[in-house]
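K.L.:
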Amino acid sequence: MISLVPSLISSTALLFLLTATGAATAARPAADIILHNGNIITLNDAQPQASALAISGSRIVAIGDDTATDEWRGDHTRTIDLQGKTVIPGLTDTHIHAIRGGQTWTFETYWYNSPSLKDALDKLRADANRRPHDQWVAVVGSWIPAQFAENRVPTVAELSHALPDHPAYIQYLYDYALVNQRGIDVLGLNDTPPPDLAGIRVERDAKGSATGKLFGDIAAFNQLFASISSNTDREGGLRQFFADMNARGVTGIIDPSAGPAAAYEPLFAMRNQGDLPLRVGYRIPVQPEAKGHEAQWFSNLMAFRPARADDGQLAFLGLGESLVAGMNDGVRMAPGFSSSAQDKTALRQVATFAAKRGIPLEIHAYTDDSADAILTIFEQVAQQYDLRPLRWSIAHLNTGSPQTLERMRKLGLAYTVQMGPYFEGLAIRDANPPGATDNSPPVRLALDKGLVGSWRHRFDAYWHCRCLARYRISYHRYSVRRFRA
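Set out below in structure tokens:
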């Protein structure tokens, strides 16, 4: 399978793909590239497949059978014989924290395909052996205990035995993290006085010694991991991550929140050097210093910035996905979210500012009751401003109800799906009443109501959601089973 890479296809080219017929004008220039003798998937119901296409600059100018591109051949046209291989439009991941997460791609160890703890620890040990003593190794999410044959988490003793000379950090979702004995020593968890790890609670035994288990929230764990991984080559990691995304057919991403300003620097450096291998859309989240005056903070931020900007490779897509910290339910699995009147007022002020300026935004809501609180505020703003042209969206909605989706439809909001339930599915199921997660995430319900999956790469995202809607998570040994869409 071949994916059309972004250096050849602009964000508008796939839309052109749906209407291109190959009709020629007398003085047309020759195409830069012609693909032929292949199986080209167009996702156009009127012409679902083709065998050839021609590309001129950043546009697809002809598509059809192998003769459809003949008139576009020139002396300098690069011709590629696909030899029957399949070509698809480049995939766009519409909700991925790639800008910050990709920077530690080569630093982290990944357990998502480990069938046992033995295999997982072997991978961690192998990575440690490639590093000097006392350099950290880390597994930051992308695993659950149920995937292992042992059906449990590793113990601190096992981590210490496997890695006696390297500090190890193992994070399970945002619930807790484990560090081995060397990690306890490096962090100074048993020092007097103990270190101040902002937002982190250290579990201690009856003697007051650190057990190696740490508790915190999203911000606290992110700050701790940033410290642990501070010496990694962040731009190099991001380059490798983007290359690996390309290898999997991904040519566009939208990152709804990359964190602090410094997290964006490697991305901007790649763009300025002309080295972005895919299209990147980004949003700007609220920062801690804005607490209590969020709307003014965003107003200052946007004072010299257009509501949206896109140069074909890098796109500023507005605000998100955290707009007011107190209105963000984090990774809450269970119902019962609540927020203060002050936070509700702050969100209404931010939303009113964005609506007045025509700024796109995306907001995080894991639970249905979080979405309910957000929609109540958006409905108030919609009495003054029409939200439908603004391409606003709500992310996650792991327990989103039909009523919530209908309210979103009436407001003209989009729904962005993220892969969290793949790892969090068991926790979501266990935290909610029976039946509440039968449609988690409610992709099929959203599509049936006509909600759009993403505002920018609408064509790609809608196709992606259609594919996702053919699968439902089965919580028996956490398998994924196909069902009729």
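Reading the sequence shown from the start, the letters are residues -26 to -1, 1 to 459 in mature numbering (1 follows the signal peptide of the UniProt record, and there is no 0). Yeah, the Cβ is synthetic: ideal placement off N, Cα and C, and Gly gets one too. In this text, all values refer to a predicted model and were calculated from it rather than measured experimentally.
#1: Contact defined as beta carbons within less than 8 Å: I believe Asp292 pairs with Leu252. What is the distance between those atoms, to the nearest angstrom?
#2: Can you find the residues in the same chain that come closer than 7 Å, C-beta to C-beta, to Leu425, ignoring five residues on each side of it along the sequence?
#3: Could you tell me the boundaries of the alpha helix (DSSP H) in which Gln377 lies?
#4: Going by beta-carbon coordinates alone, are Glu268 and Ala320 separated by less than 7 Å?
#5: Nearest by alpha-carbon distance to Gly64: which of Thr16, Pro259, Ala151, Ser134 is it?
#6: In terms of DSSP beta bridges, what is Arg253 paired with?
#7: Run the CB neighbour count on Pro106, radius 10 Å, all protein chains shown included, and call it buried at 16 or more, exposed below.
#8: In the DSSP assignment, the beta strand (DSSP E) including Thr60 goes from what residue to what residue?
#9: Rounded to the nearest angstrom, what separates Arg403 and Pro119 at their Cα positions?
#10: Express the C-alpha separation of Val153 and Ile333 in angstroms, rounding to a whole number.
#11: Under the rule that 16 or more other beta-carbon atoms within 10 Å means buried, what is Asp303, buried or exposed?
#12: What separation, rounded to the nearest whole angstrom, lies between the Cα atoms of Val305 and Gly190?
#13: Which term fits Thr60, buried or exposed, when burial requires 16 or more other beta carbons within 10 angstroms of its beta carbon?
#14: By DSSP, does Asn246 sit in helix, in strand, or in coil?
#15: Which residues in the same chain have their Cβ closer than 7 Å to the Cβ of Asp101, if we skip the five residues on either side of it in sequence?
#16: My output table needs one value for Val298: the three-state DSSP class, helix, strand or coil.
#17: Quick test of the definition: if touching needs 3 or more C-beta pairs under 8 Å, does the region 171 to 184 touch the region 206 to 221?
#18: Does the region 248 to 263 come within contact of the region 278 to 297, defined as at least 3 CB pairs closer than 8 Å?
#19: The alpha helix (DSSP H) with His135 in it runs from where to where?
#20: May I have the straight-line CA-CA distance separating Ser203 from Val114, to the nearest angstrom?
#21: For Tyr150, which beta-bridge partners are listed by DSSP?
#22: Tyr86: buried (16+ other C-beta within 10 angstroms of its C-beta) or exposed?
#23: Secondary structure at Gln23, three-state DSSP: helix, strand or coil?
#24: Out of curiosity, what's the CA-to-CA distance linking Asp360 and Thr185?
#25: When DSSP labels each residue in this structure, what does Ser414 get in the three-state scheme?
#26: Please specify which runs of the alpha helix (DSSP H), each continuous and at least 4 residues long, are wholly inside the region 46 to 121, giving them in chain order.
#27: Start and end of the alpha helix (DSSP H) containing Val260?
#28: Would you tell me roughly how many angstroms separate the C-alpha atoms of Arg156 and Thr129, rounded to the nearest one?
#29: Closer than 8 Å by C-beta to Ser273: which residues in its own chain qualify, once you throw out the five before and the five after it? Chain order, please.
#30: Between which residues of its own chain and Gly386 is the CB-CB distance below 6 Å, once the five residues before and five after are set aside?
P.N.:
Reading from the atomic positions:
#1: Residue identity check: residue 292 is Gly in the sequence provided, not Asp. Contact flag wrong, Cβ pair sits at about 20 Å.
#2: Leu379, Met382, Arg383, Ala388, Tyr389
#3: 376 to 385
#4: yes
#5: Thr16
#6: Gly226
#7: exposed
#8: 60 to 62
#9: 15 Å
#10: 42 Å
#11: buried
#12: 12 Å
#13: exposed
#14: helix
#15: Thr83, Val111
#16: coil
#17: no
#18: yes
#19: 130 to 136
#20: 11 Å
#21: Tyr146, Phe189
#22: exposed
#23: strand
#24: 54 Å
#25: coil
#26: 72 to 75, 91 to 103
#27: Note, Val260: premise wrong, no alpha helix (DSSP H); not H, not E.
#28: 14 Å
#29: Phe327
#30: Leu361, Arg362
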